[in-house]
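Peer 1:
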Amino acid sequence: MRTHLCGEVNEQLADQAVQLCGWVDRRRDLGGLIFISLRDHAGIVQAVVEPDSPAFKDAEALRNEYCVRISGLVRMRPESQWNESMATGKVEVLAETVELLNASAPMPLLMTDEDGEEIRLKYRYLDLRRPRMQHNLRTRAKMYRAIRDSLDSKGFTEFETPMLTKATPEGARDYLVPSRVHAGHYFALPQSPQLFKQLLMMSGMDRYYQIARCFRDEDLRADRQPEFTQLDIEMAFVEESDVQDLAETMIREVFRDTLGVELPQPFPRLSWHQALDRYGSDKPDLRIPMELATVDEHVAHVEFRVFSGPANDEGSRVAALRVPGGAGISRKQIDEYTEYVGRYGARGLAWIKVNDADAGLEGLQSPIAKFLDEKAWQGIAGATGAQSGDILFFGAGEWLTVSTFMGELLVRAGRDRGLVQEGWQPLWVNEFPMFEWDEEARRHFAMHHPFTAPLKDDPEALLANASTALSKGYDMVLNGAEIGGGSIRIHDPGMQQAVFKLLGIGEEEAQLKFGFLLDALKYGCPPHGGIAFGLDRIAALMSGEESIRDVIAFPKTTTAQCLLTSAPSKIPDEQVAELHIRNISKDS
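First residue of the sequence shown? That's 109 in our numbering, and the numbers climb one at a time after it.
(1) Please report how far the alpha carbon of Val-153 lies from the alpha carbon of Val-117, in whole angstroms.
(2) Measuring CB to CB, does Ala-554 end up less than 8 Å from Leu-500?
(3) State whether the segment 563-576 contacts the segment 601-610, with contact taken as three or more CB pairs (one from each stretch) at a distance under 8 Å.
(4) Rounded to the nearest angstrom, how far is the Cβ of Gly-471 from that of Asp-464, given a contact under 8 Å?
(5) In chain order, what residues of the same chain lie with their CB nearer than 8 Å to the CB of Leu-245, ignoring the 5 residues before and after it?
(6) Going by other Cβ atoms of all chains shown within 10 Å of its Cβ, with 16 needed for buried, is Tyr-316 buried or exposed?
(7) Using only the heavy atoms of the ligand FMN, determine whether one of them is closer than 7 Å to the beta carbon of Leu-354.
(8) What are the partner residues of Ala-640, as DSSP defines its beta bridges?
(9) Under the rule that 16 or more other beta-carbon atoms within 10 Å means buried, what is Thr-667, buried or exposed?
(10) Just curious, the alpha helix (DSSP H) that Gly-487 is in, first and last residue?
(11) Can we say the segment 498-514 touches the segment 340-358, given the rule of at least three CB pairs closer than 8 Å?
(12) Any idea if Leu-284 is buried or exposed, counting beta-carbon neighbours within 10 angstroms, 16 or more meaning buried?
(13) Between the segment 367-384 and the segment 484-495, do three or more beta carbon pairs fall short of 8 Å?
(14) How close, in whole Å, do the beta carbons of Phe-323 and Gln-299 come, if the pair is a contact with beta carbons under 8 Å?
(15) Secondary structure at Lys-461, three-state DSSP: helix, strand or coil?
(16) Less than 8 Å between the C-beta atoms of Gln-242 and Leu-643, yes or no?
(17) Span of the alpha helix (DSSP H) holding Gly-602?
(18) If you reduce the DSSP assignment to three classes, tell me which class His-406 lands in.
(19) What's the call for Ala-494, buried or exposed, on a 16-neighbour Cβ count within 10 Å?
(20) Are the CB atoms of Tyr-174 and Ser-145 within a distance shorter than 8 Å?
(21) Given a cut-off of 8 Å on the beta-carbon distance, is the pair Arg-185 and Asp-123 in contact?
(22) Taking Val-431 as the reference, which of Ile-442, Val-362, Gly-505 and Gly-522 has the closest Cα?
(23) Fully enclosed by the segment 662-690, which alpha helix (DSSP H) runs are 4 residues long or longer?
(24) Alpha carbon to alpha carbon, what distance is there between Arg-377 and Gln-598?
(25) Please confirm whether Ala-296 and Ala-275 have their CB atoms less than 8 Å apart.
(26) Decide if Phe-304 is buried, meaning its Cβ has at least 16 other Cβ atoms within 10 Å, or exposed.
(27) Buried or exposed, going by whether 16 or more other CB atoms sit within 10 Å of the CB of Trp-545?
(28) Between Leu-394 and the rest of its own chain, which residues show a CB-CB distance below 7 Å, the 5 nearest in sequence each way excluded?
(29) Using alpha carbons as the reference points, say which of Ser-193, Leu-181 and Met-219 lies closest to Leu-202.
(30) Return the CA-CA distance between Ser-161 and Glu-335, expressed in angstroms with no decimal places.
(31) Under three-state DSSP, which class holds Asn-244?
(32) By Cβ distance below 6 Å, which residues in the same chain neighbour Ser-651 in space, the five residues on each side in sequence not counted?
(33) If you drop the 5 nearest sequence neighbours on each side, which residues of the same chain put their C-beta closer than 7 Å to that of Glu-207?
(34) To the nearest angstrom, how far is the alpha carbon of Phe-559 from that of Pro-601?
(35) Between the C-alpha atoms of Lys-198 and Ala-150, what's the straight-line distance to the nearest angstrom?
(36) Any idea what DSSP makes of Ser-693, helix, strand or coil?
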């Protein structure tokens, strides 16, 4: 039906006949002339219909989003009318025929960024016609191709793992699928292919990858969906550095092939503790040129107990954040920051405006300056690099809480002050704690997952020192977002049992839920490890989108609904009965 795509028509085709198909992006009737902007997935080209053309009457009947075919001759525009921002901006098509392929009803949305998300998702097939959305999805497809090219060239084999599997006891809630054949029994949709990819390593497959669909029944945010896509990689006979080097090379190749971007080489590496200590986050955004400074040694002697108390407590800290040029921040903005960090556990936010760095205490403006002596101030100034015109913010208290809320402040202030630099800043964060302690539940939870190996290969030592044990886990972070996480896995049955014990999973329960894994570990399981990348998140970063919904063709809402198909929906009673279940209303 067509000889060329709209976006391919350029000056190289001047004086040639073309046939184009697409949608009317815009139609302008200037009385003697009709201009049609014709759009397809490749771009937009301008067609001109002259008044003496047999196509003029057909062109008069066109409206926006009509689906048409236009035949005509490519000609150069007058140089004064060139549009350098368009690939087709130097030419136009002198239309000889305009054929209506299908008319369009009045559009239910504006087809711009002004459309609300609800209407965009309800009419997603129309929203996807927009160049921005076309670009996002094609960028994602290009990324997939680059991933496969990279891993295939490195000796990996692409496998598929089951979509109907066994429910897992850790992590988010599973989506359950009732079995018609086995009454009262349920499959679960996989939260990840974790156990199957480990079993493939035990099978001697050596290098595995899969672009896998995964499912989690959890509360949603802009970067979460009930169904999502991740790249899973697993390798046998490896240590942490082997997996990280491979993954880093792959990501560098994917960005080069997809965006033409060269990422830094090598990626910086920070331990989890270093990342929290310096940036207040285990996914720091290195584009923001600010860091936290611990000033415990400089305020431990002051009479101000808000500072000296935490400064003299091993499990606490006093952290300072220097905001360059921030002395002009208003008291109202400081109050807003105080309220903001309160959401993350802060009981208050102390501050000092440095009006004159050379004047010592006399050059400071702050409610807390009276509690400091010259020695304390000189120590703080040295630790933070404070200069005239800066503002310093302080957080004091339990180490993790202070690190977290000061890290949130770092990002908020950095964005407010326009300090976020352009470009891509990746890094590795490693040596995560093995476990998190839940005070309310009075039990440990795995920080990554229960199959992550500890840094020290000693089950007895792990049982004795669970709260301080570190793991062979690692995350890849890019521009403040975790894009991948992985670990070296446990390959020893005794160590796996020790981890289950610390997680409150007894031997009987472990055998019931993970017996197939524990059995497999007995038969010469090789050391192995891997990593999984969140492809929705990477695609959003590549496309410059805040929400992963803008890089997914048919996403769900934040309430896990599909507005396009009205899913989830009710099922007829007879179909429900076949599954040996029955619906119970909330009122019953």
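Built from N, CA and C at the ideal position, the CB exists for glycine as well.
Peer 2: Per the coordinate set shown:
(1) 7 Å
(2) no
(3) By the Cβ rule, the segment 563-576 counts as touching the segment 601-610, because three or more pairs are nearer than 8 Å.
(4) 3 Å
(5) Leu-236, Val-659 and Ala-661
(6) buried
(7) You won't find the ligand FMN in this model; it holds no ligand whatsoever.
(8) Asp-340 and Gly-593
(9) Exposed, by the Cβ-count rule.
(10) 482-492
(11) no
(12) exposed
(13) no
(14) 7 Å
(15) strand
(16) No, these two residues do not count as a Cβ contact at 8 Å.
(17) 601-610
(18) helix
(19) Buried, by the Cβ-count rule.
(20) no
(21) no
(22) Gly-522
(23) 681-686
(24) Here residue 598 turns out to be Ile, not Gln, going by the sequence shown. Cα to Cα, the separation comes out at about 23 Å.
(25) yes
(26) Answer is buried; the Cβ neighbour count reaches 16.
(27) With fewer than 16 other Cβ atoms within 10 Å, it is exposed.
(28) Gln-533 and Leu-535
(29) Leu-181
(30) 52 Å
(31) Three-state DSSP puts Asn-244 in a helix.
(32) Asn-244, Thr-247 and Val-659
(33) Val-176 and Arg-177
(34) 11 Å
(35) Looking at the two C-alpha atoms, the distance is approximately 16 Å.
(36) coil
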